[in-house]
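Novice: Encoded as structure tokens, here's the structure I'll be asking about.
There are 4 protein chains.
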Amino acid sequence: MADLDAFLQEDNFSRHLGIELVEAANGAAVARLTVEEAHLNIHKTVHGAALFALADVALEAASNSHGVVAVSINANISYMKAVSSGLLTATAAEVSLTNTLGIYDIKITGEDGELVAVFQGMVYRKRQRIE
Amino acid sequence: MADLDAFLQEDNFSRHLGIELVEAANGAAVARLTVEEAHLNIHKTVHGAALFALADVALEAASNSHGVVAVSINANISYMKAVSSGLLTATAAEVSLTNTLGIYDIKITGEDGELVAVFQGMVYRKRQRIE
Amino acid sequence: MADLDAFLQEDNFSRHLGIELVEAANGAAVARLTVEEAHLNIHKTVHGAALFALADVALEAASNSHGVVAVSINANISYMKAVSSGLLTATAAEVSLTNTLGIYDIKITGEDGELVAVFQGMVYRKRQRIE
Amino acid sequence: MADLDAFLQEDNFSRHLGIELVEAANGAAVARLTVEEAHLNIHKTVHGAALFALADVALEAASNSHGVVAVSINANISYMKAVSSGLLTATAAEVSLTNTLGIYDIKITGEDGELVAVFQGMVYRKRQRIE
Numbered sequence: 001m002a003d004l005d006a007f008l009q010e011d012n013f014s015r016h017l018g019i020e021l022v023e024a025a026n027g028a029a030v031a032r033l034t035v036e037e038a039h040l041n042i043h044k045t046v047h048g049a050a051l052f053a054l055a056d057v058a059l060e061a062a063s064n065s066h067g068v069v070a071v072s073i074n075a076n077i078s079y080m081k082a083v084s085s086g087l088l089t090a091t092a093a094e095v096s097l098t099n100t101l102g103i104y105d106i107k108i109t110g111e112d113g114e115l116v117a118v119f120q121g122m123v124y125r126k127r128q129r130i131e
Numbered sequence: 132m133a134d135l136d137a138f139l140q141e142d143n144f145s146r147h148l149g150i151e152l153v154e155a156a157n158g159a160a161v162a163r164l165t166v167e168e169a170h171l172n173i174h175k176t177v178h179g180a181a182l183f184a185l186a187d188v189a190l191e192a193a194s195n196s197h198g199v200v201a202v203s204i205n206a207n208i209s210y211m212k213a214v215s216s217g218l219l220t221a222t223a224a225e226v227s228l229t230n231t232l233g234i235y236d237i238k239i240t241g242e243d244g245e246l247v248a249v250f251q252g253m254v255y256r257k258r259q260r261i262e
Numbered sequence: 263m264a265d266l267d268a269f270l271q272e273d274n275f276s277r278h279l280g281i282e283l284v285e286a287a288n289g290a291a292v293a294r295l296t297v298e299e300a301h302l303n304i305h306k307t308v309h310g311a312a313l314f315a316l317a318d319v320a321l322e323a324a325s326n327s328h329g330v331v332a333v334s335i336n337a338n339i340s341y342m343k344a345v346s347s348g349l350l351t352a353t354a355a356e357v358s359l360t361n362t363l364g365i366y367d368i369k370i371t372g373e374d375g376e377l378v379a380v381f382q383g384m385v386y387r388k389r390q391r392i393e
Numbered sequence: 394m395a396d397l398d399a400f401l402q403e404d405n406f407s408r409h410l411g412i413e414l415v416e417a418a419n420g421a422a423v424a425r426l427t428v429e430e431a432h433l434n435i436h437k438t439v440h441g442a443a444l445f446a447l448a449d450v451a452l453e454a455a456s457n458s459h460g461v462v463a464v465s466i467n468a469n470i471s472y473m474k475a476v477s478s479g480l481l482t483a484t485a486a487e488v489s490l491t492n493t494l495g496i497y498d499i500k501i502t503g504e505d506g507e508l509v510a511v512f513q514g515m516v517y518r519k520r521q522r523i524e
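Residue numbers (my numbering), protein chains in the order written: chain A, 1 to 131; chain B, 132 to 262; chain C, 263 to 393; chain D, 394 to 524.
Below is the structure:
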């Protein structure tokens with residue numbers, strides 16, 4: 001996971017949002033975000049795109065955890081519950097993996113463990129290893 | 132559109148990312164983002180979640196442009212092309228509208244007009260008007 | 263479940279395809295399909311739309327199992343593996359449920375338990391009970 | 394298109410449902426279905442999976458119309474309007490095409506031109522030509 005850590009530390013966008021990668025190995029990953037003012041929408045709840053970003057970082061970490069470069073080609077998110085503060089956790093699990101494609105389920109939960117959003121992502125695996 | 136403008140100016144998240152709303156009326160909207168360092172991923176191309184955020188702002192503006200509060204329940208994005216600089220434009224068009232649900236297609240194009248990503252969003256319309 | 267059984271026995275389309283409902287209760291359901299010539303595509307593997315139909319019946323059964331009429335508004339399917347014969351099983355699990363919306367994950371597996379497709383469906387719940 | 398015609402005439406599943414391919418060329422296609430008893434669900438409206446099948450045939454025809462074998466990897470459908478009789482038409486348009494991936498929008502309309510469902514499909518293009 002050392003390589004993956006380095007790999008993700010260079011991700012400007014997730015740093016700009018304050019998203020933190022907690023773990024990533026064997027097709028699974030966990031990412032976290034503490035809600036701040038900058039993440040809120042007009043209703044003063046966390047913006048859907050901030051939730052998407054959190055899930056997307058977990059997807060990126062999980063899908064690249066095998067050491068082969070994987071890039072997203074499609075993602076689908078459904079929102080369950082508005083949340084306005086606290087620590088959000090995105091947990092990614094590998095649903096399917098072939099030489100060329102991977103599919104991942106990501107669940108975002110709030111501080112009380114309640115489900116906030118579900119995300120499913122598909123990645124295309126390149127023939128290139130992560131250095 | 133005056134009300135919608137005010138409505139969206141209070142969107143902290145899109146301001147934090149530098150997303151600008153260009154127009155919004157009658158179920159359509161245009162939003163723009165000039166690519167900066169903060170939007171890049173580990174491959175030095177625009178992060179998928181930054182593209183999602185841009186499309187999501189266009190969705191928010193288009194779906195709320197009728198003066199009735201609309202909240203996203205599902206979104207799907209497919210990525211076509213990596214892009215690393217320039218001005219990105221998201222254009223939202225209304226596909227379907229009922230009293231309770233709306234569906235919108237959003238296309239993101241780069242400076243040369245090339246298609247970067249396509250996004251489809253579904254909103255739930257509340258019985259509440261935008262003030 | 264007696265009412266749901268009757269409810270689903272009137273589903274002409276699933277009968278036309280030979281899809282069988284095995285169980286449905288408390289937001290979960292299992293449906294089955296034995297592959298026949300009529301389900302095959304040009305590659306002599308099960309047509310993607312036949313897999314979708316199998317998952318959709320499981321979604322219908324699971325989402326209506328609470329006794330409240332639920333209608334699909336969106337579904338997403340990803341295909342993992344071509345399959346050309348045997349018994350296919352779709353297993354539906356409830357991801358989220360509110361008064362108005364429900365989200366369900368459906369997995370389709372082949373005879374050896376291998377994952378063939380994953381499906382996620384969203385339903386709108388009416389204020390009407392199943393008679 | 395002669396080859397594609399032959400290619401699709403061997404599609405057992407679409408024949409079983411009565412889906413007819415009207416045209417297919419240059420990444421576009423049109424398919425049709427006349428609603429019969431066998432297509433109806435418990436509400437006596439066309440089953441969502443029958444709508445999906447109609448759109449899927451248009452996707453298959455459009456994505457294979459370039460003469461290169463294309464297989465679906467993901468599809469998303471949103472339902473707009475229940476319909477219980479008449480002629481349904483699915484019209485597929487190519488949104489994006491690369492050497493490995495294609496994305497297609499399919500709209501299903503009823504006899505009066507009203508929108509019944511929208512479908513977006515992604516295909517993986519093999520290195521194999523259609524014979």
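Backbone N, C-alpha and C define an ideal beta-carbon position, used for all residues, glycine too.
1. Using 8 Å as the cut-off, can you tell me whether the region 308-327 of chain C makes contact with the region 358-369 of chain C, which would need three or more C-beta pairs spanning the two stretches below that distance?
2. Give me the Cβ distance between ALA62(A) and ALA6(A), rounded to the nearest whole Å; I'm assuming they're in contact under 8 Å.
3. What residues of chain B sit near GLY48(A), judged by a beta carbon separation below 8 Å?
4. At a Cβ cut of 7 Å, what residues of the region 475-495 of chain D count as close to chain B, listed as they run along the chain?
5. For a test of your reading of the model: does the CB of ILE335(C) fall under 7 Å from any non-hydrogen atom of the ligand GDP? Yes or no.
6. How would you write the range of the alpha helix (DSSP H) that SER63(A) sits in, first residue to last?
7. Give the secondary structure of GLU94(A) by DSSP, where H, G and I count as helix, E and B as strand, and everything else as coil.
8. Who are the near neighbours of VAL200(B) in its chain, counting only those whose CB is closer than 8 Å to its CB and skipping five residues on each side?
9. Rounding to the nearest angstrom, what Cα-Cα distance links ALA248(B) and ALA181(B) in this structure?
10. Can you have a look at VAL516(D) and say buried or exposed, based on whether 16 or more other CB atoms are within 10 angstroms of its CB?
11. Would you verify that the beta carbon of MET122(A) is, or is not, closer than 8 Å to some beta carbon of chain D?
12. Relative to the C-alpha of ILE335(C), which residue among ILE470(D), VAL464(D), SER465(D) is closest?
13. To the nearest angstrom, report how far apart MET394(D) and ALA300(C) are at their CA atoms.
14. Taking 8 Å as the threshold (C-beta atoms), are ALA82(A) and HIS43(A) in contact?
15. By Cβ distance below 6 Å, which residues in the same chain neighbour GLU20(A) in space, the five residues on each side in sequence not counted?
16. In chain order, what residues of the same chain lie with their CB nearer than 6 Å to the CB of THR353(C), ignoring the 5 residues before and after it?
17. Since I believe LEU59(A) is in contact with GLY121(A) (beta carbons under 8 Å), could you give me their beta-carbon distance rounded to a whole number of angstroms?
18. Pick out whichever of ASN12(A), GLU10(A), ARG15(A), THR34(A) has its Cα sitting closest to the Cα of LEU88(A).
19. Between PHE512(D), GLY479(D), ALA486(D), ASN457(D), which lies nearest to GLU504(D) when the distance is taken from Cα to Cα?
20. Based on Cα-Cα distance, which residue from TYR79(A), GLU36(A), THR100(A) lies nearest to ASN64(A)?
21. In the DSSP assignment, what residue or residues form a beta bridge with PHE381(C)?
22. Between which two residues does the beta strand (DSSP E) holding LEU414(D) run?
23. Where do the N-terminal and C-terminal ends of the beta strand (DSSP E) with LEU17(A) fall, by residue?
24. Taking all protein chains shown into account, decide if SER96(A) is buried (16 or more other Cβ within 10 angstroms of its Cβ) or exposed.
25. Would the beta-carbon of GLY495(D) fall within 8 Å of that of GLU507(D)?
26. I'd like to know whether the C-beta of ILE471(D) is nearer than 8 Å to at least one C-beta of chain C.
27. Which residue comes first and which comes last in the beta strand (DSSP E) that contains VAL292(C)?
28. Comparing the C-beta of LEU190(B) with each C-beta of chain D, is any distance below 8 Å?
29. Helix, strand or coil for ALA201(B), going by three-state DSSP, please let me know.
30. Is the CB-CB distance between PHE275(C) and ALA337(C) below 8 Å?
Specialist: The answer reads as follows:
1. Yes, the region 308-327 of chain C touches the region 358-369 of chain C.
2. Contact flag wrong, Cβ pair sits at about 17 Å.
3. Ordered by position in chain B, the residues that pass the 8 Å Cβ test against GLY48(A) are ASP187, SER203, ALA206.
4. So the list reads VAL488, SER489, given in the order they occur along the chain.
5. The model on display carries no ligand, and the ligand GDP is accordingly not part of it.
6. From DSSP, the alpha helix (DSSP H) with SER63(A) extends over 48-64.
7. The answer is strand: DSSP assigns GLU94(A) an E or B state.
8. Counting only Cβ-Cβ distances below 8 Å, and skipping sequence neighbours, we find ARG256, LYS257, GLN259, ARG260, ILE261.
9. ALA181(B) has its alpha-carbon roughly 11 Å from the corresponding atom of ALA248(B).
10. With 16 or more Cβ atoms within 10 Å of its Cβ, VAL516(D) is classed as buried.
11. Yes, contact with chain D.
12. Nearest C-alpha to ILE335(C): ILE470(D).
13. Unreliable positioning characterises MET394(D) in this predicted model, as indicated by a pLDDT of 49, which lies under 50. The coordinate reading is nonetheless provided below. Going by the C-alpha atoms only, they are around 24 Å apart.
14. Yes.
15. For GLU20(A), where only same-chain residues beyond five positions count, the Cβ hits under 6 Å are ARG32.
16. Closer than 6 Å at the Cβ level, and outside the excluded window around THR353(C), lie VAL292, LYS369.
17. Contact flag correct, Cβ pair sits at about 4 Å.
18. Looking at the Cα atoms, THR34(A) is the closest of the given residues.
19. Closest option to GLU504(D), Cα to Cα, is GLY479(D).
20. Here the closest residue by C-alpha is THR100(A).
21. Its beta-bridge partners are ILE339(C), ILE368(C).
22. Bounds of the beta strand (DSSP E) holding LEU414(D) are 413-418.
23. Element bounds for LEU17(A): not the beta strand (DSSP E) but the alpha helix (DSSP H), 12-17.
24. When all chains shown are included, SER96(A) counts as buried.
25. With respect to GLU507(D), GLY495(D) sits apart: the two C-beta atoms are not nearer than 8 Å.
26. Per the sequence shown, the amino acid found at residue 471(D) is Ser instead of Ile. Taking Cβ atoms only, chain C reaches closer than 8 Å to SER471(D), which makes this a yes.
27. It spans 290-296 - the beta strand (DSSP E) in which VAL292(C) sits, taken as one unbroken run.
28. With 8 Å as the cut-off, LEU190(B) does not count as an interface residue toward chain D.
29. It is a strand residue.
30. The Cβ-Cβ distance between PHE275(C) and ALA337(C) does not fall below 8 Å.
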